[in-house]
Structures are given as structure tokens and as C-alpha cells.
Amino acid sequence: MLKKITVLLTFCALYVFCFNIGGPAGFMSDCPGMNRTTKLSERTRRQQSVVVIRPSKGILSGLIAEKRCSISHAGAACTADHVDLTKRKTQVVIGGYLNSASSLLVRSVVQPYLDLGRNVIVVEIFPLLLRTYPVAARVTKPFGELIGEYLAALTDHGLAANRLEMLGASLGAHISSYAAEKFMDLTGTKLNRLSALDPAGPCFRNLPYSRRLNHHVARRVDVLHTNIDGFGIADPLGHVDFYANGGEYQHAIKKEFLLPCLVYCSHTRSAFYWIKAYMNPEEFVAVRCDSVTSARRGDCYRTNVTTNLLGPKTDFKKPGIYYLPTNGAPPYYRGQDALKSRSFGSNTYLLQVAPDEDITL
């Protein structure tokens, strides 16, 4: 009997060490210098700016009025002169690597917040992050802390933490987290909500939890994952984490096999989902999962399904990991049809062109 047990244990050990392939390492998971100090000179700090946007009034009603202010105490006064910080919610938007404050994608994300009547502050990241990606990744922490100082200065002009929310995409998600943490350190209170669109994985995957986006920096943190092993990150980082179509790759609009939605396409798709979620706040229905592994496979449909919504109506009283199924074309949402388990992406396409049946050629 002992001999049989020994043989069995030996076989199990061989299986684990010789045949267990583990999970994906992820693209560019470690970068040189991420644990070294990176500082911004006084000159560099003075050069950073935000674009402050509000809906116009009077004869210009419906148009957009905007003003550029520095990221400083003087810039906080400039911001307060342009928008009412005491009554409206203020939304800070921080884009991803090589996004400018005037890019079409960033402005498309901004519009739903303006439609809600919010002040919008778009951080201009392009000049500072216009360098090789690993160096840009190192800049995120000191840049985020500078933004946090600016946001704390806004509280002297009537901004309350419960009226402050942030949205960060890719690298901007980590910048937002550093800013929120600095804001918390300086004011003693957490901002109301931080939303992250496919937070950057390259250079951040293997950092300690506290050195990247995490749920401790704001009262409510929600994360949308769309390319977890490429430009995104697989780890759940928020109170609520949505894994769109499993979080690995997104639907192509058509011909999945010939024209798939790969790394960059899937990464940026998070912004398009977010825009549509704010336009259709009750339609992006997600199903809670036991783990990220289950979310990758969409294996989250059980007898008692717990649901949540991506966008402005996310229920933070139901934290956890969620599988978010979508369609391949705008407006992307599946509504209540999301409660029905089905294959997606290339799997659907392959079943159409190569059905699972015996064939004779």
C-alpha cells in the first residue's frame, strides 16, 4: 500500500513540475527601474497642465467652453475661476500612453460626463509621457502625486471629496491611483470614485499591490478589463472588476478569424464600452464569477446568478469579479441577453464555418 502511495505521489509531482504550464506571463511584465526613484524637476512640474471643460451658458448654450490651467496651486485658482466647484460634481479624466487631451478618443469619453452636467478636468499627459514606454511608466508615480497636490488645492476653492471622481485609462489608471492616494494623504479623505479602463499591465504586473492601482485609494473603485495578458492586467484591482468577454480579447466586428481584435484593438475597446455604458446605463449587464479563471472562460452561470452593471449604475454593494459579455458591434451591450451563457469571439465564428460534426471531403 505504501509503495502505491509513493508511486502516486511521484506521478503527481511529475505532473505539477513537468506538465503544469501555468498562466500567461503577460507582455513586458517587468521593466528596469520601476523600483528606483523617479522625480520631476521644478521646471518639468511647472510645464504640466490640465484642460478644464464646462458646458457653456447663454447664447453659447450647448457648446463647450474650456480653459487650460497649470497643475499647481495657481492652476487650482485658475480652475475655480472657470467652473463651479461647490455645486457640480467634478470629473478628472486621464488618458493612456501617447493620448493627448485633445485626442478624439479622450474627447469622446469626456462628452457623457458633460452631458451629466459635470465639470471635467482633462489632464494633459502627452508632452510628459512622450518617451519610451518603460520610462513613461516610471513617470506615472511622480506625475500622479503632482496631480494629487493640485486636486487637494482645489478643496481650498470649494471642491469636496464626495463630489470628486476620476477616470483613468491604461497608464492613466495608475496615474489616477497615485493622484488619489496623494489627495488622501493631504486631505485625510478619499475621493468618491475611481474608474479604470484596462489598467496598464506592462511594467506593472509584478509590482507590489500598493505600487499600482488598488482599491484602497478611493471610496469606490471599479475596473474594466479588456486585454489582460497584453496591454492590460489580469489581477482584480478594484472593489468591482469587469472582465469583458473574459478580459483577454474582444470581438471583431466581423470575420473573427481573418480580422481578429487583437492587443491594441482589445485594449482601446474599453473606452468604447465605457462611452456606450454611460449612454445606456442599464444595458451592460455582467455576471459575478468565483475567480478570474472562471471569468476568462465565461464559466460564471450558476443557479443563483448575481448581476451588476458597468457604468454609472455599478452597484458597489455587490463587490467582486464579473464576466461582462458584449456584442461585436456598437452599441455593444447585450442587455438581459447577457444572462444567457453563449460562446463568443472566434469560437462563434469557427462554429459557423466549421461545425462540430462528421464531414466527408
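Residue numbers -18 to -1, 1 to 343, in mature numbering (1 follows the signal peptide of the UniProt record, and there is no 0), belong to the letters of the sequence shown in order.
Glycine included, every Cβ here is placed at the ideal spot set by N, Cα and C.
The way I'd put it, the stretch 57 to 69 doesn't touch the stretch 115 to 125; fewer than three beta-carbon pairs between them come closer than 8 Å. Looking from the CA of Leu149, the closest CA among Ala142, Ala162, Thr137 and Leu244 belongs to Ala162. Taking the C-beta atoms as reference points, His221 is found no nearer than 8 Å to Arg194.
Distance from the CA atom of Gly170 to the CA atom of Lys164, rounded to whole angstroms, is 10 Å. Distance from the CA atom of Ser84 to the CA atom of Asn286, rounded to whole angstroms, is 45 Å.
For Ser158, there is no enclosing beta strand (DSSP E); the residue is found in the alpha helix (DSSP H) stretching over Leu153 to Thr169. The closest CA to that of Arg27, considering only Asp211, Leu128 and Ile103, is found on Leu128. Exclusion of the five residues before and after Ala253 leaves Leu87, Ser90, Val91, Ala151 and Leu179 as the residues of its chain whose Cβ lies within less than 8 Å of its Cβ.
Cβ contact annotation for Asp223 (same chain, cutoff 6 Å, sequence separation greater than five): Val205 and Ile303, in chain order. By the Cβ neighbour-count rule, His198 is exposed, with fewer than 16 other Cβ atoms within 10 Å of its own. Beta bridge pairing from DSSP links Thr250 with no other residue. By the neighbour-count definition (other C-beta atoms within 10 Å, threshold 16), Ala311 is an exposed residue. Using a Cβ distance threshold of 8 Å, Gly228 and Val267 do not count as a contacting pair. Our two residues, Pro6 and Ser23, have alpha carbons roughly 38 Å apart in a direct line. Residues of the same chain with a CB within less than 7 Å of the CB of Thr308, apart from the 5 flanking positions on each side, are Ala226, Asn227, His233, Tyr255, Tyr314, Tyr315 and Arg316 in chain order.
Rounded to whole angstroms, the gap between the alpha carbons of Asp211 and Met16 is 19 Å. In this structure, Ala155 sits near Pro181, with a CB-CB distance shorter than 8 Å.
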